[in-house]
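A.B. asks:
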Amino acid sequence: MINIENLTFGYHKKQAVLENLDLHLKPGHIYGLLGRNGAGKSSLLHNICGLLFPDAGTCQVAGKNPADRSPEFLQQVFLLPEEIYLPNVSIKSYLDIYAPFYPEFNRDLFFQFLTEFEIPVENKLQSMSYGQKKKVMISFALATQAKVLLMDEPTNGLDIPSKRQFRKIIAGIIKEDQLIIISTHQVKDLDSLIDFVLILEDKKIILHQPVDHITEKLSFKQVMSLDEIATPIYSEGALKGYAVVAINNKQEHSRLDMEMFFNAVLTEKQQILSQFN
Ligand SMILES: Nc1ncnc2c1ncn2[C@@H]1O[C@H](COP(=O)(O)OP(=O)(O)OP(=O)(O)O)[C@@H](O)[C@H]1O
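Residue numbering for the sequence shown follows the UniProt record's numbering, starting at 1 and increasing by one per position.
(1) What are the uninterrupted segments assigned as alpha helix (DSSP H) that are 4 or more residues long and contained completely in the segment 107 to 131, given in chain order?
(2) Within the same chain, show all residues whose beta-carbon is closer than 6 Å to that of Met-151, passing over the 5 residues directly before and after it, in chain order.
(3) Just tell me which of Phe-276, Leu-21, Lys-135 has its CA closest to the CA of Ile-169.
(4) Taking only heavy atoms of ligand 1 into account, decide whether any of them is closer than 6 Å to the Cβ of Val-244.
(5) Put Phe-73 into one of helix, strand or coil per three-state DSSP.
(6) By how many angstroms is the C-alpha of Pro-210 removed from the C-alpha of Glu-201?
(7) Need the endpoints of the beta strand (DSSP E) that Leu-218 sits in, please.
(8) Once DSSP output is grouped into helix, strand and coil, what is the label at Glu-82?
(9) If you draw a straight line from the C-alpha of Ala-16 to the C-alpha of Asn-277, how long is it?
(10) Using beta-carbon positions only, say whether Leu-33 and Ile-4 come within less than 7 Å of one another.
(11) With a CB to CB cut of under 8 Å and the five nearest residues on each side skipped, what residues in its chain are close to Ser-225?
(12) Counting C-beta neighbours from all protein chains within 10 Å, is the total for Phe-78 16 or more, i.e. buried, or is it exposed?
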């Protein structure tokens, strides 16, 4: 559904943010896009939705070239940006103005999500708190039922119950012909939701793996002493002992700790990546 080949993009000539980047994504999945600050995650999402254009290479999304910005393409893609600016209108007026751009927009779903997020529907958007605005936009994004949904730090600003609500809604809504990319640093909020991990580093996607493949190759453990682990790759001091990422030689089952995994990839890049080659 998303086919990107050799994509190079930069804001200034001779200063590529993304370089010869390849990425092929299938519908029916929730992809978690991870990367350091400034790695280029937002730039990649903007290339995918046609708000920025590649300097070289090809980018095909739902069979279209995003840079053409054809109405058929724009109806199928929704980007929820990290920073949101909303007009000073009521939720209902916002809906009347923007929902018609999305042929599959489901108003009932929209109001259902607002109820789940406990948003007062009569309020004007600008009189809402940041977190409330974010929840309105998440509800709008999901109600578009766009085939490609791009979310940049969606849980920023959400309180703890709302984060749980967000996970519940997303897990229940994704359809087989839909694809969601969530770019985030808040991995703990989302690690139960994501089924593929993408890591953007050195201007490329250096890792693209399903969660179950990661836990097949690596185990995530808490131990009192590092001597307990025969094949540790990466460890962090924890409250009681150590949290460890190790080679999963014994086919043990463990739960992916996305934050540990991301740190492990950044610090022990070659060793981790070699497990997947
Ligand atoms: N409008 C812009 N003009 C010039 N340079 C930009 C612009 N936006 C981003 N950049 C630069 O492009 C690089 C990638 O930025 P981008 O916002 O894509 O990274 P990111 O991975 O989303 O970062 P973060 O995790 O901090 O949100 C950074 O070096 C940034 O300074």
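Glycine included, each C-beta is placed from N, C-alpha and C at the ideal position.
C.D. replies: Reading off the structure:
(1) Runs of the alpha helix (DSSP H) inside the segment 107 to 131: 107 to 116.
(2) Cβ within range, chain order: Leu-80, Ile-182.
(3) Nearest of Phe-276, Leu-21, Lys-135 to Ile-169, Cα basis: Lys-135.
(4) No, since every heavy atom of ligand 1 falls outside the 6 Å radius drawn around the Cβ of Val-244.
(5) The three-state reading of DSSP puts Phe-73 in helix, counting H, G and I together.
(6) Each residue's Cα considered, the two are about 18 Å apart.
(7) First-last of the beta strand (DSSP E) with Leu-218: 218 to 223.
(8) Coil at Glu-82, not helix or strand.
(9) Distance between the alpha carbons of Ala-16 and Asn-277: 26 Å.
(10) In this structure, Ile-4 does not lie closer than 7 Å to Leu-33 by Cβ.
(11) Hits under 8 Å: Gly-241, Tyr-242.
(12) By the neighbour-count definition (other C-beta atoms within 10 Å, threshold 16), Phe-78 is a buried residue.
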